[in-house]
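**Q**
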Amino acid sequence: MQPSQLNVRDLAAYYRTETTPNRAVDGVTFDVARDEIFGIAGESGCGKSTLAKAILRLLKPPGYIKDGKILFNDVNLLELDEKDLRSTRWRHISYIPQGSMNSLNPVIRAEDQIIEAIRLHDSNISKSDLKQKVEELFISVGLAPEVSRAYPHELSGGMKQRVVIAMAIALGPELIVADEPTTALDVVVQKGILQLLLDLKEKLGSSLILITHSMPVQAQVSDRIAIMYAGKIVEVGDSNVIFSDPLHPYTQALISAVPSIEATKKLSGLSGFPPDLRTPPPGCRFHPRCPHAIEGKCNVKEPSLIEVLSGRLVACHMNGGNSG
């Protein structure tokens with residue numbers, strides 16, 4: 001595997017409430033290698049989108065980063081001032097937000113929104129160069145150059161998504177964070193968008209963090225996957241290995257819920273609900289829903305995320321996790 005480009009260490013991102021904070025991301029650690037597609041999966045509400053925003057320091061109040069380190073090329077993004085952070089975002093790390101089809105300004109033409117992003121980082125670029133750059137970007141995402149003159153309401157969902165992707169790659173970033181990039185798109189358009197992201201990643205030589213609750217998408221696209229549950233990462237490993245031999249009971253439940261067209265299997269659901277992250281349960285946060293929970297252990301001690309096999313990290317007492 002290539003050397004690490006992004007190192008996240010003990011990251012905690014909370015939301016203030018009238019009582020105790022909501023611990024949406026609570027002590028998350030992982031690495032992303034250069035040229036890697038790193039997937040982050042888990043059910044809705046597990047903290048995936050909060051994690052994405054925290055990495056780029058885009059959390060808005062009442063959200064805040066409580067603790068941890070985010071090292072990008074050995075520079076801690078949490079220590080950068082606003083000026084240096086702005087020069088890093090988009091040029092070095094870009095973001096495709098969840099619900100990105102609704103993130104375009106409805107009263108500004110598509111090309112002007114991209115031009116604004118480029119000018120923020122290169123105020124000396126000429127109008128002719130800007131026009132050429134926008135045309136090249138639209139062609140690269142599979143859109144005709146004349147589409148750039150359209151307003152967002154004149155575009156289909158897939159076209160809007162491609163415009164947002166064009167904005168994300170405008171400055172040739174080294175790392176792209178894509179948060180649910182295929183949400184609300186039909187399966188045919190989803191396939192096109194995913195293939196576009198893969199093609200652009202190869203063209204730019206970028207790394208990609210792909211955040212989606214869709215396990216089939218993760219299986220097809222990601223090199224490695226991190227599984228999140230209730231604000232914590234519970235398993236990390238090579239995607240092929242995780243899908244063939246999941247170790248954490250939550251990962252097993254996620255994969256068991258995926259239908260297969262190649263084999264007849266009984267789909268199994270997961271009983272119960274995710275915990276209230278203002279008052280998470282003691283011990284392992286998954287233990288109230290876990291069919292293998294050990295009384296007096298799983299409900300008392302929090303398992304650490306440890307390497308149990310080469311490249312396989314699991315936070316589970318059944319797999320050797322120690323007290324955190």
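Following this note's numbering from start to finish, the sequence shown increments by one per residue and tops out at 324.
By construction, the Cβ of each residue, glycine as well, lies at the ideal position given by its N, Cα and C atoms.
Fair warning: this is a prediction, and the values are worked out from it, not measured in the lab.
(1) Alpha helix (DSSP H) containing Thr251: first to last residue?
(2) Can you tell me whether Thr29 is helix, strand or coil according to DSSP?
(3) Can the beta-carbon of Val236 be found closer than 8 Å to that of Phe30?
(4) State the Cα-Cα distance for the pair Glu116 and Thr279, rounded to the nearest angstrom.
(5) Count the other CB atoms, across all protein chains shown, that sit within 10 Å of the CB of Pro173; report buried if there are 16 or more and exposed otherwise.
(6) Using the C-alpha atoms, what's the distance from Glu111 back to Ser148?
(7) Kindly indicate which residue of Glu146, Gln220, Ala219 and Pro274 has the alpha-carbon position closest to the one of Met228.
(8) Quick one: using the 10 Å Cβ neighbour count with 16 as the cut-off for buried, is Thr17 buried or exposed?
(9) Taking the alpha-carbon of Ala150 as reference, which of Gly157, His287 and Ile108 has the nearest alpha-carbon?
(10) Quick one: Cα of Pro145 to Cα of Gly231, how far?
(11) Taking DSSP as the reference, what is the three-state secondary structure of Asp112?
(12) Pick out the complete beta strand (DSSP E) segments inside the segment 67-131, 3 residues or longer, and give them in chain order.
(13) For the alpha helix (DSSP H) that Met215 lies in, which residues bound it at each end?
(14) For the alpha helix (DSSP H) that contains Gly192, what are its first and last residues?
(15) Would you call the segment 36-48 in contact with the segment 61-76, where contact means no fewer than 3 C-beta pairs closer than 8 Å?
(16) In the structure shown, what three-state DSSP assignment does Val300 receive?
(17) Near Ile70, which residues of its chain fall below 7 Å by C-beta distance, leaving aside the five closest residues on each side in sequence?
(18) Between which two residues does the alpha helix (DSSP H) holding Val163 run?
(19) Would a C-beta distance cut-off of 8 Å place Ser207 and Glu36 closer than the cut-off?
(20) For Ala257, count neighbouring Cβ atoms within 10 angstroms of its own Cβ and tell me buried if that reaches 16, exposed if not.
(21) Find the nearest neighbour of Phe38 within the set Ile211, Gly205 and Ser100, judged by alpha-carbon distance.
(22) Where does Ala184 sit, in a helix, a strand or coil, going by DSSP?
(23) In the structure shown, what three-state DSSP assignment does Ser207 receive?
(24) So who's on the other strand from Ser148, going by DSSP bridges?
(25) DSSP on Ala315, reduced to helix/strand/coil?
(26) So the candidates are Arg34, Thr20, Gly158 and Ala13; which of them puts its Cα closest to the Cα of Pro3?
(27) Let's test the definition: count the other Cβ atoms within 10 Å of the Cβ of Leu247 and tell me whether it reaches 16, buried, or not, exposed.
(28) Taking buried to mean at least 16 other C-beta atoms within 10 Å of its own C-beta, is Leu185 buried or exposed?
(29) Which of helix, strand or coil does DSSP assign to Phe243?
(30) Have a look at Ile96 and Lys203 and give me their C-alpha separation to the nearest angstrom.
**A** A quick look at the data gives this:
(1) Counting along the chain, the alpha helix (DSSP H) containing Thr251 begins and ends at Pro249 to Ser256.
(2) strand
(3) yes
(4) 43 Å
(5) buried
(6) 5 Å
(7) Nearest in C-alpha terms to Met228, of all of Glu146, Gln220, Ala219 and Pro274, is Pro274.
(8) exposed
(9) Ile108
(10) Cα-Cα distance, rounded: 42 Å.
(11) helix
(12) Complete beta strand (DSSP E) runs here, min 3: 93-96.
(13) Met215 to Val221
(14) For Gly192, the enclosing alpha helix (DSSP H) stretches over residues Val187 to Leu204.
(15) no
(16) coil
(17) Val8, Leu11, Ile55, Asn76, Leu77 and Leu78
(18) Gly157 to Ile169
(19) yes
(20) exposed
(21) Ile211
(22) Three-state DSSP puts Ala184 in coil, outside helix and strand.
(23) strand
(24) Ser148 pairs with nothing; no bridge assigned.
(25) coil
(26) Arg34
(27) buried
(28) Classification of Leu185: buried, given that the 10 Å Cβ count is 16 or more.
(29) helix
(30) Here the alpha carbon of Ile96 sits roughly 17 Å from the alpha carbon of Lys203.
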